[in-house]
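Below: the structure, in structure tokens.
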Amino acid sequence: MVSFLASCAFVAQLNAEELHIEAQKVSSDERKGITTAEGSVHMVKEKDVLNADKVNIYMDKNRKPLKFEAIGKVDFILFTEDGRELRGKSNTLIYLILENEYQLIGNAQVQEVGKPNFLKGERIILNNENGYANVESDKRAPVRVIIDLNDMQEDKDNKK
Numbered sequence: 112m113v114s115f116l117a118s119c120a121f122v123a124q125l126n127a128e129e130l131h132i133e134a135q136k137v138s139s140d141e142r143k144g145i146t147t148a149e150g151s152v153h154m155v156k157e158k159d160v161l162n163a164d165k166v167n168i169y170m171d172k173n174r175k176p177l178k179f180e181a182i183g184k185v186d187f188i189l190f191t192e193d194g195r196e197l198r199g200k201s202n203t204l205i206y207l208i209l210e211n212e213y214q215l216i217g218n219a220q221v222q223e224v225g226k227p228n229f230l231k232g233e234r235i236i237l238n239n240e241n242g243y244a245n246v247e248s249d250k251r252a253p254v255r256v257i258i259d260l261n262d263m264q265e266d267k268d269n270k271k
């Protein structure tokens with residue numbers, strides 16, 4: 112399961128690639144280091160896609176992205192380095208670039224396309240750097256995790 116989650120790569124290498132943003136409004140405050148896209152935001156990097164009502168991009172003083180924050184009706188498609196397709200949605204998605212960590216908050220779901228691998232909870236944290244995955248829920252609904260055991264066995268067999 113960790114290998115399913117650990118290889119997510121949405122915008123990890125922005126320096127060498129182009130990020131296309133479409134929105135009804137885009138504004139930038141260079142002093143604060145924030146670019147905001149609002150209104151039917153559609154972002155594409157290679158084959159990866161992110162849609163949201165609003166996206167804030169936080170940058171350092173050299174204008175390199177540090178953090179992405181997608182807010183409202185967030186859905187995404189991303190492809191892992193080994194070619195798997197992941198689809199997900201949440202109320203908010205935060206991507207911490209230096210930590211290589213995704214935080215899906217509020218009605219969070221991630222599905223591996225073509226496999227039963229599925230996560231659902233109020234908060235999902237995926238850290239690619241250390242292979243960490245955590246799913247939390249509130250008291251109203253349990254966490255839901257579906258794992259393809261055949262994938263786990265194949266991973267084990269491939270490591271021999």
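Just so you know, my numbering puts the end of the sequence shown at 271, numbered straight through with nothing missing. Virtual Cβ for every residue (Gly too), placed ideally from N, Cα, C. Note that the structure is a prediction, hence the values are computed from the model and not measured.
The closest CA to that of Asp-259, considering only Ile-182, Glu-223, Ala-181 and Asn-239, is found on Glu-223.
The alpha carbon of Met-170 has as its nearest neighbour, out of Met-154, Gly-144 and Ile-132, the alpha carbon of Gly-144. Under DSSP, Gly-199 takes part in a beta bridge, and its partners are Phe-187 and Val-221.
Leu-161 sits in a strand when the DSSP states are folded into three classes. Counted as a single uninterrupted DSSP element, the stretch harbouring Asn-241 is not any beta strand (DSSP E), since DSSP gives it neither H nor E. DSSP, reduced to helix, strand and coil, places Leu-260 within a helical segment of the structure shown.
At the C-beta level, Phe-187 and Leu-161 come within 8 Å of one another.
Non-local C-beta neighbours of Glu-233 in its own chain, meaning closer than 7 Å and more than five positions away in sequence, comprise Gly-217, Ala-219, Glu-247, Ser-248 and Asp-249, ordered along the chain. With respect to the 8 Å criterion, Asn-167 and Gly-183 are not classified as neighbours on the basis of their beta carbons. Gly-150: member of the beta strand (DSSP E) spanning 145 to 156, first to last residue. Note on geometry: alpha-carbon atoms of Arg-251 and Leu-197 lie some 26 Å from one another. A direct Cα-Cα distance of roughly 11 Å separates Lys-200 from Gln-214.
In this model, Lys-158 and Phe-190 are separated by some 7 Å (Cα to Cα).
Residue burial annotation: Asn-173 is exposed, with fewer than 16 other C-beta atoms found within 10 angstroms of its C-beta.
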